[in-house]
Amino acid sequence: MKILVVNAGSSSLKYQLIDMETEGVLAKGTCERIGIGGSVLKAKGNGKEKVYNQDMPNHKVAIELVLSALTDSDIGVIEHMDEIGAVGHRVVASGEYFKKTTLVTPEVLEILKEKTFELAPLHNPAAYTGLTACIDVMPNTPMALVFDTSFHATMPEKAYLYGIDYEDYKAYGVRKYGAHGTSHKFVSQEAAKYLGKDISEVKTVTCHLGNGSSISAVDGGKCVDTSMGFTPLAGVLMGTRSGDIDASAVEFLARKKGMSHAEIITYLNKKCGVAGISGVSSDFRDLIAGADQGNERCKLALDMFAYQTKKYVGSYAAAMGGLDCIVFTAGIGENTPIVRAGVCEGLEFLGVKLDAAKNADKNDGSIRDISAEDSKVKILVIPTNEELVIARETAELL
Ligand code: ADP
């Protein structure tokens, strides 16, 4: 079966067509600037690339264009859209309404729209728009919703609750939901496979370190804790997000800066993190270059990031009562030896020992074991593949 994976943003739409027999990517592409003029689809297929500079006033037109790219006589990989067995849609937030991958029905659409938009106001409405556009264009193709939060649904109550009035949690659903679930799931499964172990026997801390970063404790294949919270603002400091901060400090800062609730939340999401600490950039390549040139605040930002990540690794080892494997993934996790070294440094007491030479090896896109021969804990670099998880989940559901 061939599965189309769709990741819709407010003005963008990324897709991949995956052949589930080989799990290979047949075609992929991105529509940009949907609804804002100057829209473009960059599509790949058949080993070739084609750029469609075509007006896409809405997501429906974007999906129609994607389908014409998939069936194109030159870069196309299918003859007719009926060859697409199902579509898997990435959805950021599920709240407590959906605990697993869900087939789209009119009732599901209604809940998605009425209940989940306020949980992820930037992301879920965009996914909904992409989804309804797909339904319009491909009304007979099954659609699945794959949530970033599903993998974290196995967390126990003691891990996901905040210390607030329990009745308020019940009334408003204010709790930890986590994020990047498809990535944490994928790399924890790949790690067990790579180690030749049954996943039920492995205790792993997965570090998804990218523009947004989250760390998860995965015990026997199940997530038991994760660093992101009610929203993706929580956990370690990130590119531009503050990560965890005392709620009282937020109120204090808002008062001092004359900001409204909405403004202080935007500030914490967009102006903080390593960008705020360094005053230079949210991009770790710039921070590393800055630190190399003696910029102390770039160095501080890198130190804070590694230190906070390390603390999660240690605390999750405690939560699981042991640690067999640490996985680094995503843009920073896969590409930044200095961060991996900073995270592992000082964790020797847990049996974590990095091989400096292996850690410095260039990222070649494969799974790499960067632990020393005598390290009790395996340290792996695993390229994430969220699209493949979405396709697998969709296929399993069908
Ligand atoms: P997202 O998907 O959340 O946008 P990514 O996982 O693509 O983020 O990670 C993006 C970040 O990864 C960049 O901001 C950058 O800091 C870092 N990154 C990507 N490539 C490299 C590299 N070669 N060296 C260092 N950092 C990198």
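The sequence shown finishes on residue 402 if you use our numbering, and the numbering steps up by one all the way, no holes. Every residue gets a Cβ at the ideal spot worked out from N, C-alpha and C, and that includes glycine.
{"query": "Nearest to residue 236 (by Cα), restricted to the options 394, 114, 383 and 180", "result": "180"}
{"query": "Every unbroken alpha helix (DSSP H) inside the stretch 329-399 [4 residues or more]", "result": "334-339, 341-348 and 360-364"}
{"query": "CB of residue 184 within 8 Å of CB of residue 218, strictly", "result": "yes"}
{"query": "Length-filtered (4 minimum) alpha helix (DSSP H) runs lying within the stretch 157-195", "result": "161-164 and 170-176"}
{"query": "Reduced DSSP category for residue 138 - H, G, I as helix; E, B as strand; rest coil", "result": "helix"}
{"query": "Residue from 32, 5 and 7 whose Cα sits closest to the Cα of residue 17", "result": "32"}
{"query": "Supposed close pair residue 165, residue 332 - CB separation, criterion 8 Å", "result": "Actually they do not touch by this definition, with Cβ atoms about 29 Å apart."}
{"query": "Residue nearest to residue 158 in terms of C-alpha spacing, selected from 330, 228, 232 and 348", "result": "228"}
{"query": "Proximity test, residue 287 beta-carbon vs the ligand ADP heavy atom, cut-off 7 Å", "result": "yes"}
{"query": "Supposed contact pair residue 128 and residue 97 - C-beta distance, whole angstroms, cut 8 Å", "result": "6 Å"}
{"query": "Cβ-based burial, residue 253 [other Cβ within 10 Å; buried from 16]", "result": "exposed"}
{"query": "Distance cut-off 7 Å: residue 389 Cβ against heavy atoms of the ligand ADP", "result": "no"}
{"query": "Neighbour-count burial assignment, residue 328, 16 or more Cβ in a 10 Å radius", "result": "buried"}
{"query": "Three CB pairs or more closer than 8 Å across the stretch 79-89 and the stretch 57-64", "result": "no"}
{"query": "Residue 335 Cβ short of 7 Å to the ligand ADP heavy atom set", "result": "yes"}
{"query": "Integer Cβ distance of residue 365 from residue 372, believed to fall under 8 Å", "result": "7 Å"}
{"query": "N-terminal and C-terminal residue of the beta strand (DSSP E) that residue 11 is part of", "result": "6-12"}
{"query": "Beta-carbon proximity of residue 380 to residue 355, cut-off 8 Å", "result": "yes"}
{"query": "Beta-carbon contacts of residue 347 that lie in its chain and below 6 Å, excluding the five residues immediately before and after", "result": "310, 313 and 314"}
{"query": "Of the residues 246, 248, 244 and 268, the one placed nearest residue 255, counting alpha carbons only", "result": "268"}
{"query": "Buried/exposed call for residue 221, threshold 16 Cβ in 10 Å", "result": "buried"}
{"query": "Under 8 Å between C-beta atoms of residue 363 and residue 341", "result": "yes"}
{"query": "Host alpha helix (DSSP H) of residue 252 (start-end)", "result": "251-261"}
{"query": "DSSP three-state assignment for residue 60, whether helix, strand or coil", "result": "coil"}
{"query": "Reduced DSSP category for residue 309 - H, G, I as helix; E, B as strand; rest coil", "result": "helix"}
{"query": "C-alpha distance - residue 196 paired with residue 58, whole-angstrom precision", "result": "45 Å"}
{"query": "Option in 53, 291, 56 and 108 with minimal Cα separation from residue 151", "result": "108"}
{"query": "Sheet register partners of residue 52 (DSSP bridge)", "result": "49"}
{"query": "Distance cut-off 7 Å: residue 273 Cβ against heavy atoms of the ligand ADP", "result": "no"}
{"query": "Cross-strand partners of residue 223 (DSSP beta bridge)", "result": "207 and 226"}
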